[in-house]
Amino acid sequence: MSYSYSLDVLDMMESQTDKIEILNVFTTETQSHINELYEKLKNKDLDQISFLAHKLKTSIKLFQIEELYPSIDVLENESKNRSSSELEEKIDFINKVFQAVEKEIKNEIG
-11 MSYSYSLDVL DMMESQTDKI EILNVFTTET QSHINELYEK LKNKDLDQIS
39 FLAHKLKTSI KLFQIEELYP SIDVLENESK NRSSSELEEK IDFINKVFQA
89 VEKEIKNEIG
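Residue numbers (the working numbering): -11 to 98.
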């Protein structure tokens, strides 16, 4: 399945090296935050889930991965009102979409 995203932020950069560096930071940090979300959920640290979702939101919006906006918003603003299984579903969805987008981006830029 294909998900929407935008590489417009990279168009501002002239150097291919800079573009690749930004993408590497984006993919590494995003995956790290997703892994941390799973860990915080395991420990029932809802404040940290909210905090990590807020950190993720910036990158997700920068690359305009619109399918993730609702899930990120739930984790950021409603984590204390949701069950662990609901939160895990949101994190699983975020991970799935991110993996697909990461693969598409890597194929696109070579």
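Every residue gets a Cβ at the ideal spot worked out from N, C-alpha and C, and that includes glycine.
Note that this is a predicted model, so its numbers are computed, not measured.
Exercise for the section: Given a cut-off of 8 Å, decide if isoleucine 22 and leucine 56 are closer than it, judged by their beta-carbon atoms. Expected result: Not a contact, by the Cβ cut-off of 8 Å.
Handout entry: Contact set for aspartate -1: own chain, Cβ-Cβ below 7 Å, skip 5 residues either direction
Key = Excluding positions up to five away in sequence, the list is empty.
Practice task
From the DSSP output, in three-state form, read off aspartate 61 for me.
Solution key: Looking at aspartate 61 - three-state DSSP - the assignment turns out to be helix.
Practice task
Using 10 angstroms around the beta-carbon of serine 67, count the other beta-carbons present and answer buried if the total reaches 16, otherwise exposed.
Solution key: Looking at its Cβ environment, which holds 16 or more other Cβ atoms inside 10 Å, serine 67 is buried.
Practice task
Please classify glutamate 2: does DSSP put it in a helix, a strand, or coil?
Solution key: Per DSSP, reduced to three states, the secondary structure at glutamate 2 is coil, with no helix or strand assignment.
Handout entry: C-beta atoms of tyrosine 26 and alanine 88 nearer than 8 Å
Key = No; because the gap between Cβ atoms is not below 8 Å, this pair is not in contact.
Problem - Whole-Å CB distance - lysine 28 paired with glutamine 36, under 8 Å assumed - result: Contact holds; Cβ gap of about 4 Å.
Exercise for the section: In the DSSP assignment, find the alpha helix (DSSP H) that holds glutamine 36 and state where it starts and stops. Expected result: The continuous alpha helix (DSSP H) containing glutamine 36 extends over residues 34 to 50.
Handout entry: Selection from Thr16, Ile60, Leu34 that minimises the alpha carbon distance to aspartate 80
Key = Of the candidates Thr16, Ile60, Leu34, the one whose C-alpha sits nearest the C-alpha of aspartate 80 is Ile60.
Exercise for the section: From the DSSP output, in three-state form, read off isoleucine 53 for me. Expected result: Here isoleucine 53 carries a coil assignment [DSSP, helix/strand/coil].
Handout entry: C-alpha gap between glutamate 64 and threonine 46, whole angstroms
Key = A direct Cα-to-Cα measurement between glutamate 64 and threonine 46 gives close to 12 Å.
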